[in-house]
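Which chain is which? The protein sequence lines are B and F, in order.
FYI, the numbering for the first sequence is 28 to 348, going by this note's numbering.
FYI, the numbering for the second sequence is 200 to 497, going by this note's numbering.
The C-beta atom is built at its ideal place from N, Cα and C for all residues, glycine as well.
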Amino acid sequence: MSSAPPAAAAVAAGPARRRRRSWRVRTRRAAAPYLLLAPALFTIAAVLAYPLYFLGVLSFQRYGLPELIAHNGTWIGLDNFSRIFHDDEFWRVLVRTIVFTAGAVGFTMLFGTLIALLLARLGGFMRMLLTTGLVLVWAMPVVVAVNIWVWMFDFEFGVFNWALTELGVGDYVNHDWFENSRTGLLIIMGVVVWGAIPFVAITIYAGLTQVPRELVEAASIDGSGPFRIFKDITFPLLKPIFVILASLSIIWDFQVFNQVWIMRGNNPSSDYYLMSVYAFVESFRLSEYGFGAAIALVMVAIMLCVTFVYIRQMVRIGEVR
Amino acid sequence: MSSQVPAAPVPVAPVVRARRRVRPRHVVRRVGVNLLALLVFAVMVFPVFWMVSTAFKPPADILTFTPKLIPSSATLANFEDAIHRPYFWDVAKNSLIVVAAVTAASLVLAFLAALALAKFRFYGRRAFIVLIIAVQMVPLNALIIPLYILLSRAHQTDKLTGVIVTYLTFVLPFCVWTLRGFLLGVPRELEEAAMVDGSTRFGAFVRILLPLVAPGLVATSIFAFIQVWNEFIIAYIVLSSPEKQTLTVWLAQFTSLRGTQWGPLMAGATLTAIPVVLFFLAIHRRIAFGLTAGAVRG
């Protein structure tokens, strides 16, 4: 957009014959980006925009098994939404999901930052060792990670109960962490945070390496402690990265599904429902696709607010050019 | 630790050397920091270690109340069990087909779009970029319901084609975004120089741009590979017959009402994770540093 005017001016200044020819060249050049974009744009519209629109349509319909077979929903207006907002289950799930997300994002950012600061302090060999470990964790497929954690927290032969008992924390022989959904969700939060830490830590560390050394040294000569330096220098400089990571984490953790689903053996009880699990169960277990779609739409709406913050930050740091 | 490293043969002014002399407090701090790093490493890596360790254990080492860190006698029996399970080869083949198809399709489409975004100025470019970012934030879990119904209308449930098309929803926008980043990194002057030297636009593209952006193409396709390989929920809901599923869904079969067979499960999990780990180690640097490249401005 911004480079067009000088080219146009140059053409206008030239003789008439040249103007005509370059007008044709220019049209061709102007069409090129749109032609290049068209296939991707078309695909995105087909596989993303249309389903999104259809999600909206579904949320205003009664769409159960009969409708699924007949390929046609029945329009019921706002009934699904009024049912949601009068549904105690929905509010319980919403609060649970918010608490879960806050906890998961909080711990992820906290440990991620601490590990990044640790990385910055390490010598070459130890830093490489820890980074390799982090990448190894980062690379674990979620399904694999969850299965490992289920095994570690197995009530009978799990290594965690054994370790707690050996360390003298208490008697955890045959302790079932999933009997109570609070501790169960804590374990699920554990696997989410464990899997998310590497990305956050490595990204913040990458940012730390760009903080001018002189600033930190000057502050340290002036007698600032490490906490003060982080608060007054490092954090303000890296704030864009923190905002981006936090909003990405919120978006990812708010829609946690696989971890709950697999950890509870593909059949979580209702006190384990997080938002996306709830929408999924309503749709695919109870065949209430319309109602499930309405829940999902509420989720999309909530996520939209976070996305807004994220995009604004991307625009600010000049990613959108 | 630094105290053990012999001083480098660099001419250093005496004053500086005096300041560099290692004080006991610094040694304590260094050791403390390194111990902490070791502890963090151990805690983070332990689950992965535990998976591999369990995968090589004989049954007696697994079902015991005092777990053994290292198998008493390493065995491949769990791996043999896992790959001889019904449908293992079908499922592995399916995973590969899906990954190859999605990666190839999205790479071609994304490369063209990224080319437009990075190399042309045109009306609506900014809007498209914002759209690409925003679209990546749409929760996939919310889209499963409409996607499933649309697939069932098109009679594409329980077919790999249905899954392949669906996976484009999250792979394509991501690929456009990363490839655009890589293309922006290629200086415009190089292409222009080639064209001044008499090369056509297409020639400049093939001889200059393509080789320079090849590492980006590799990194992006690996990342697409990883995302598709790991996907669970869509495959779980769309593919119902056991011989049509993908590896991540197949892993569920080690758990039955009678309990879980941990050894074979961990062996299967290890097999599922290996390709991802290998690829990840190859590209992680690009991904992490890409996000922060423009974030800190002096």
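Can you look up residue i in the DSSP assignment and give me helix, strand or coil?
i, result
"F/Ser440", "coil"
"F/Arg457", "coil"
"B/Gln237", "coil"
"F/Ser263", "Looking at the sequence itself, residue 263 of chain F is Thr, so the reference to Ser does not match. Looking at F/Thr263 - three-state DSSP - the assignment turns out to be coil, as it is neither helix nor strand."
"B/Trp204", "coil"
"B/Val336", "helix"
"B/Arg291", "coil"
"B/Gln88", "strand"
"F/Thr356", "coil"
"B/Thr101", "strand"
"B/Ile344", "coil"
"F/Asp289", "helix"
"F/Lys256", "coil"
"F/His225", "helix"
"B/Met167", "coil"
"F/Arg324", "helix"
"B/Leu301", "coil"
"F/Glu430", "coil"
So that I know if they touch, is there some Cβ in chain B lying closer than 9 Å to that of residue i?
i, result
"F/Trp428", "yes"
"F/His483", "yes"
"F/Leu409", "no"
"F/Ile432", "yes"
"F/Pro258", "no"
"F/Thr471", "yes"
"F/Ser271", "no"
"F/Met394", "no"
"F/Asn233", "yes"
"F/Leu314", "yes"
"F/Ile348", "yes"
"F/Leu308", "yes"
"F/Asn340", "yes"
Return the CA-CA distance between residue i and residue j, expressed in angstroms with no decimal places.
i, j, result
"F/Ser201", "B/Thr230", "Residue confidence for F/Ser201 is low, a pLDDT of 36 falling below 50, so the modelled location carries little weight and cannot support an answer."
"B/Val162", "F/Leu416", "21 Å"
"B/Val122", "B/Ala273", "19 Å"
"F/Phe453", "F/Tyr435", "15 Å"
"B/Phe127", "F/Phe310", "38 Å"
"F/Met465", "F/Pro386", "47 Å"
"B/Gly91", "B/Gly100", "8 Å"
"B/Gly151", "B/Ser276", "29 Å"
"F/Thr459", "B/Ser310", "28 Å"
"B/Phe284", "B/Val304", "6 Å"
"B/Thr124", "B/Ile338", "23 Å"
"F/Pro441", "B/Met155", "42 Å"
"F/Asn429", "F/Leu306", "18 Å"
"B/Ala245", "B/Phe254", "15 Å"
"F/Leu295", "B/Ile260", "48 Å"
"F/Pro205", "B/Gly139", "Bear in mind that the predicted position of F/Pro205 carries a pLDDT of just 37, short of 50, making it too unreliable to give a figure here."
Verify the CB distance criterion: does residue i have a CB-CB separation below 9 Å to chain F?
i, result
"B/Tyr337", "yes"
"B/Tyr316", "yes"
"B/Ala35", "Summary for B/Ala35: the model assigns pLDDT 41, below 50, so the residue's position carries little reliability, and this model does not support an answer."
"B/Glu244", "no"
"B/Asp181", "yes"
"B/Arg154", "yes"
"B/Gly91", "no"
"B/Pro78", "yes"
"B/Val333", "yes"
"B/Arg53", "no"
"B/Asn107", "no"
"B/Arg148", "yes"
"B/Pro168", "yes"
"B/Ala129", "no"
"B/Ile289", "yes"
Tell me which same chain residues have a C-beta within less than 7 Å of the C-beta of residue i, skipping the five on either side of it?
i, result
"F/Pro372", "Ile331, Val334, Gln335"
"F/Trp461", "Thr253, Ile261"
"B/Val173", "Val218, Asn285, Gln286, Ile289, Met290"
Residues in the same chain with beta-carbon distance under 6 Å from residue i, minus the five sequence neighbours each way, listed in chain order, please.
i, result
"B/Phe134", "Val220"
"F/Lys267", "Asp260"
For residue i, which residues in the same chain have their Cβ closer than 8 Å to its Cβ, ignoring the five residues on either side in sequence?
i, result
"B/Pro349", "Given that chain B is displayed from residue 28 to residue 348, the structure contains no residue 349 of chain B and the question cannot be resolved."
"B/Asp198", "Thr192"
"F/Ile425", "Val475, Phe478, Phe479"
"B/Met19", "This structure cannot settle anything about residue 19 of chain B, because the visible part of chain B is limited to 28 through 348."
"B/Phe307", "Phe284, Trp288, Gly319"
Answer yes or no: the CB of residue i versus the heavy atoms of the ligand HEM, is any distance below 8 Å?
i, result
"B/Ala328", "With respect to the ligand HEM, the structure offers nothing, as it holds no ligand at all."
Q) Per the contact definition of three or more C-beta pairs closer than 8 Å, is the region 224-239 of chain B in contact with the region 294-311 of chain B? A) no
Q) Counting Cβ pairs closer than 8 Å, one from the region 185-205 of chain B and one from the region 103-119 of chain B, do we hit at least three? A) no
Q) Is there contact here, the region 350-365 of chain F with the region 314-321 of chain F, by at least three beta-carbon pairs under 8 Å? A) no
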